[in-house]
Amino acid sequence: MQILKKISFVIPTLNEAGTIGPGLQALQTYRRKGHEVIVVDGGSTDDTRLQAEPLADQVLEAARGRAAQMNAGAQIASGEVLMFLHADTYLSDNADEGVLSALQGGAKRWGWCRVHLDNPAWPFRIIERLMAWRARCTRVCTGDQAQFVTKDLFRKLGGFPALPLMEDVALSKLLRASGAPACAEVTATTSARRWETNGILRTVLLMWWLRWLYFIGVSPSALLEKYYPQTRPEPAKPATFEFPAACIAVFARPPVPGKVKTRLLPALGPQRATALYEAMLHRCLETLGQATLAPLDLWVADNPEHAGLTSFSTVADIHVQTGADLGERMMHTMTEVLSRPRTEAVLFLGTDCPAMDAAYVRMALSALASGIDVVLGPAEDGGYVLLGLGGSHPELFRDIPWGTERVAERTRARIHQLGLSYLELNTMWDVDVADDLPRLAQLDPPLAW
C-alpha cells in the first residue's frame, strides 16, 4: 500500500495579480513542510507570473482553460496527492494533515474540503450549507471546495476532461465511479466576490441552472457563453450569407505535434505532420470564410482556447465535440446546431481534403436548400469528406464502422433504408497516409506547409 506523504497544490491562474500574492503566501508553510506549489498560468497580461515565481516551486504556462491548466500542473507534479485550488482560496491550519489523514489506508482516494465564503453575512452561511448538502447528495464537488485526489487515480482516469466549463463536475463523476469520496476536516475559505458582484440569488440560481443544463446534455461550450457572456470576442461576420438557414460544422483538432495526422508521423515526423495539418485547416477555414456561404462553426476534440484555433475571425464559434465515437460526436453536433433559431440544415466537413473548394460546398448547400434530405461527398478511401443534412437524422450515425473503408457504403445503405432523398457529389481524395502526399502538388493554388 502506498504511503501518502506529499501534496502538490495546483493553482490555475489568469490575470490574478490582485489575489495571487496573499494566496501563495498562505501556502508557504506547506512548502516548508515538504509539499509542493505549482502555478499554471493561462496567458495572463498582468503581473501574475512575476508575483508567483518567488512563491511557488514551479510556474508554467499552458493553454488557457482551467482543465488544460490543471492537467498541465498535474503532469509535472511530484506529490502522491494532487490538490486543486483557486487563486483566491485559503486553507485552514494543518490542511495537509487533514487531507492526508482522509486518504491514508487506501479506502478513499479522492474528496473535497468544507467550503467557507469570506463574507460574514448570514446569507453566505446558507450558501455554504447548500453547497455541502449538494456535494454529499450527489458526490460531486466544485473547484471552490478544493478538490483533491491521489495522483495515481487522477492519471488513470485521464485527468480533467477537456471541457471549457464544468470540468470539476465532470471529473467528480469519473471519480465517484472509482469509490466513495472523503470530506476532509479542512476548511477552504474562498472569495464571495462572484455572489457580491452578481447578486446572491441570481448567482445561486445561475449555478444550479447551469448544472441542470449540463446534466441534461447541453454542451459546456454553450454553458460557457452563459457563464462568461464575453468569453470570446465577437467575430467579424459578413452582413449576409448565401445560405443563411444552414450551418457549416468543421470538425478539427488543436494542432498539437504528435496528436494530429498520426498516420503520417513515420513519414514526416511530428513537426512536419503538424505543419501540414495546420496548412489544411487554414485552407479549409479561409476558403469557406471568404466564400460567405453559411455561418461557420469549428468543432474541436479538445482545448478550444488553443492559439492555433482562435485566430479565425470568420468562425462564428468554437465548440467542443461530445461523444464516445465520431458518430456520437456528429449526432450531438447535429442536435445542437439544428436547435438554433432559423437553422434548418447542417453540413459536416473535415479538414483533410485540401482539394475541396467553395464550389463543391456550394453544390451541397444548394441541394439542401432545395429540399434534399442528405448530401454525401464520398472519399476515395471509402469514407466521406462531406455530409449534409436537411433536418435531424440521427439514424445515420448509429452502427457505422468509423475509420474503415465501409463508412460511405454503410451510410448509403442507411439512407436508402430510411427512404431519404439523396444526392452524391463527386468522389474526392483526402490526405491520411504517406501515399497521399504526392497529390498535394496538384493543388491550385499550392498548399504552403
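When we follow this note's numbering, the leftmost residue of the sequence shown carries the number 212, and every step to the right adds one. Don't be surprised by glycine CBs; every beta carbon is placed ideally from N, CA and C.
Short of 6 Å from the beta carbon of Val270, and not among the five residues preceding or following it, lie these beta carbons of its own chain, in chain order: Val250, Arg260, Ala263, Glu264. Positions of the beta strand (DSSP E) runs, each at least 3 residues long and wholly inside the region 579 to 658, are given as 585 to 589, 595 to 600, 633 to 635 in order along the chain. Taking a 10 Å sphere around the C-beta of Ser255, we find 16 or more other C-beta atoms and assign the residue as buried.
Contact annotation, Gly322 with Pro392: C-beta distance approximately 4 Å; criterion of less than 8 Å satisfied. Less than 8 Å separates the beta-carbon of Leu509 from that of Ala463. Between the C-alpha atoms of Ser303 and Val531 there is a straight-line separation of about 37 Å. Your pair Lys472 and Ala457 does not check out as a contact, with CB atoms roughly 29 Å apart and the cut at 8 Å. Within the region 257 to 321, the runs of alpha helix (DSSP H) that reach at least 4 residues and sit entirely inside it are, in chain order, 259 to 263, 277 to 287, 306 to 314.
Glu616 sits close to Asp592, with the two beta carbons spaced by under 8 Å. Around the beta carbon of Asp536, fewer than 16 other beta carbons lie within 10 angstroms, which makes this residue exposed. Here Pro223 is bridged, per DSSP, to Val251. Using a C-beta cut-off of 8 Å, the region 543 to 551 makes contact with the region 594 to 604, since at least three inter-stretch Cβ pairs fall below that distance. Note that the region 287 to 297 touches the region 355 to 369; at least 3 beta-carbon pairs, one per stretch, sit closer than 8 Å. Contact between the region 619 to 634 and the region 564 to 572 is absent: fewer than three C-beta pairs spanning the two stretches fall below 8 Å.
Ile626 and Leu496 have their C-alpha atoms roughly 28 Å apart. Shown here, Asp508 sits in a strand according to DSSP, grouped into three states. Per DSSP, Ala570 has no beta bridge partner at all. In the DSSP assignment, Ala381 falls within the unbroken alpha helix (DSSP H) covering 378 to 387. Burial check for Asn637: the Cβ neighbour count within 10 Å stays below 16, so the residue is exposed. The shortest C-alpha to C-alpha distance from His517 to any of Val557, Glu489, Met542 is the one to Glu489.
For the options Ser632, Ala645, Gln315, Asp379, the alpha carbon positioned closest to that of Pro477 is the one of Ala645.
For Leu560, the enclosing beta strand (DSSP E) covers residues 556 to 560.
In this structure Leu328 touches Ala403 by the C-beta definition: roughly 4 Å separates them, less than 8 Å.
Contact annotation: the region 361 to 371 touches the region 277 to 285, with at least three C-beta pairs closer than 8 Å.
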